[in-house]
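Numbering (this note's numbering), first residue to last: 297 to 756.
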Ligand SMILES: Nc1ncnc2c1ncn2[C@@H]1O[C@H](COP(=O)(O)OP(=O)(O)OP(=O)(O)O)[C@@H](O)[C@H]1O
Ligand SMILES: [Mg+2]
């Protein structure tokens, strides 16, 4: 059976009537619609739903549509966003387009208008729906974009090319920020599956009770709230590639079902009786040591061996320092263009030397990337100087508890620790562009407790 994926739409409007109207209209046309009323909730649902398109009202009480748009784009620039605006605020619609929205609708609009905007926006997102390939994506995830000429990176390039040619399951390991997701995408976009979907889920972000039905789909009435039969993400990735990010976080019960997908290439909806054939290449990524998870009884040994067919380990940046100057050059070019500089920002020799020889980059390439972008934004004479880099680096070391000293001789432990906690969370949120899933993971706390602290310190 050939499965036609339906597009997933995340629709946000604080007015219940409009939201209901939009949801019905779009569902009738066969889209999978996830309606939410608040921007905050929308942001939290992004990773879980992985929408193909977001439709949002521009005026909302908890966060402006423009701000929401910015955060969605920061989370994943590939997600298309359509904004809905009242006639009076056409100016805002224009700034939304400048901010990266793919289209806008002016209220009141006809259903047909809505549908044609949705169709157009979806067809510009060809990763999932295109028949041919998508040049932009293929270029972007060309393995040559994985910068590095060190011996280790050369081996990784060769490995990617080799596995891209077959369907073997790949297990990518490495510290945070070493490029695991980039490698997974490169494999997909260099394989014969490139015109088919690349679907990924972050197992750490998906609540346990939702994971099964998200992955395998469910039948109508199989549990409270299952009002219609729904396809799972694995089915959606049919003939494509599926990335299990943070695979170590999958609960044991789901592991058993996943094993079946790997062995039999079939699955069953939650509450379903029929076996459904799926053809997906699985790629898993983790920053944990899966072998020790197996020893602790937290990860099934049989599943581990099934996944670990081709292991790809990404070394931390400090173990391949020779690649740092190349990476700096790459990000200088990328962010100079992104921030519309007339020429590519230059950097002092001493700054490069410091970054290459002294900095340890515990956050690996992501941290280096952030440092370069920040330095570009703060440079006022077109050249990044060593002291700027030192400043970025010292901001970073201030985030490590060992180096905090009370600023004014205060001895109040509570005030001082809270002050530190606030700064640390603020910094991490900045580094993750406000992405709470990643921030929570980096801080190694739950999303709920991060949310609580954000409220407490008024960091919204
Ligand atoms: N070799 C590389 N060349 C250029 N950019 C890279 C390379 N490796 C990683 N990056 C960039 O660094 C950032 C982090 O990469 P990625 O998200 O793939 O890491 P990750 O290992 O999945 O991190 P995490 O464990 O935190 O999820 C991304 O912006 C990515 O594009
Ligand atoms: Mg990742």
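Yeah, the Cβ is synthetic: ideal placement off N, Cα and C, and Gly gets one too. If you're wondering where the values come from, they're calculated on a predicted model, not measured in any experiment.
- prompt: For residue 414, which of 469, 352, 391 has the nearest alpha-carbon?
  reply: 352
Discussion item. In whole angstroms, give me the CA-to-CA distance for residue 303 and residue 490.
Written reply: 18 Å
Q | Distance, residue 486 Cα to residue 430 Cα | A | With a pLDDT of only 41 at residue 430, under 50, the local geometry of the prediction cannot be trusted, and no value is derived from it.
* Asked: For the beta strand (DSSP E) that residue 323 lies in, which residues bound it at each end?
  -> It is not in any beta strand (DSSP E) - residue 323 instead sits in the alpha helix (DSSP H) that spans 312 to 324.
TODO: Specify the secondary structure class of residue 283 as computed by DSSP and reduced to three states.
DONE: The first residue shown for the chain is 297 and the last is 756, placing residue 283 beyond what the model contains.
Selected residue, minimal CA-CA separation from residue 557, among 567, 538, 545:
538
Notebook entry, point to check: Between the beta-carbon of residue 619 and the beta-carbon of residue 472, is there less than 8 Å?
Noted result: no
Residue 544: CB within 7 Å of a non-hydrogen atom of ligand 2
no
- Alpha-carbon spacing of residue 673 relative to residue 396, whole angstroms: Using only the alpha carbons, I get a separation of about 20 Å.
Rounded to whole angstroms, how far is the Cβ of residue 378 from the Cβ of residue 398, which I believe are closer than 8 Å? Confirmed, Cβ separation roughly 6 Å.
Buried or exposed by the 16-neighbour rule on C-beta atoms within 10 Å, applied to residue 450 = exposed
Q) Three-state secondary structure (DSSP) at residue 330? A) When secondary structure is reduced to three states using DSSP, residue 330 falls in the strand class.
Whether residue 555 touches residue 506 by CB criterion (8 Å): No.
Closest Cα partner of residue 392 within the set 376, 406, 405
376
Pull the bridge partners of residue 496 from the DSSP assignment, please. 539
Alpha-carbon to alpha-carbon, residue 462 and residue 603 = Annotation: residue 603 to residue 462 spans about 15 Å, alpha carbon to alpha carbon.
On the premise that residue 503 lies in contact with residue 533, defined as a C-beta separation below 8 Å, what is that separation, rounded to the nearest angstrom?
Residue 533 to residue 503, Cβ: 21 Å. No contact.
Check your understanding: For residue 519, which residues of its own chain have a beta-carbon under 8 Å away from its beta-carbon, when the five flanking residues on both sides are left out?
Key -> 509, 566, 567
Nearest CA to the CA of residue 319: which residue from 656, 638, 331?
It is 331 whose Cα lies nearest to the Cα of residue 319.
task: To the nearest angstrom, report how far apart residue 582 and residue 402 are at their CA atoms.
output: One Cα belongs to residue 582, the other to residue 402, and the distance between them is close to 44 Å.
query = What is the rounded straight-line gap between the Cα of residue 570 and the Cα of residue 336?
reply = 37 Å
So is the beta-carbon of residue 581 under 7 Å away from any non-hydrogen atom of ligand 2?
-> For ligand 2, at least one heavy atom lies less than 7 Å from the Cβ of residue 581.
Could you compute how far the alpha carbon of residue 574 sits from the alpha carbon of residue 527?
12 Å
Q.
So, under 8 Å CB-CB, residue 540 and residue 478 are touching, yes? Tell me the CB distance rounded to an integer number of Å.
A. In fact, because the Cβ distance is near 16 Å, the residues do not count as touching under 8 Å.
Requested in this report: Kindly indicate which three-state DSSP category residue 661 falls into: helix, strand or coil?
Outcome: helix
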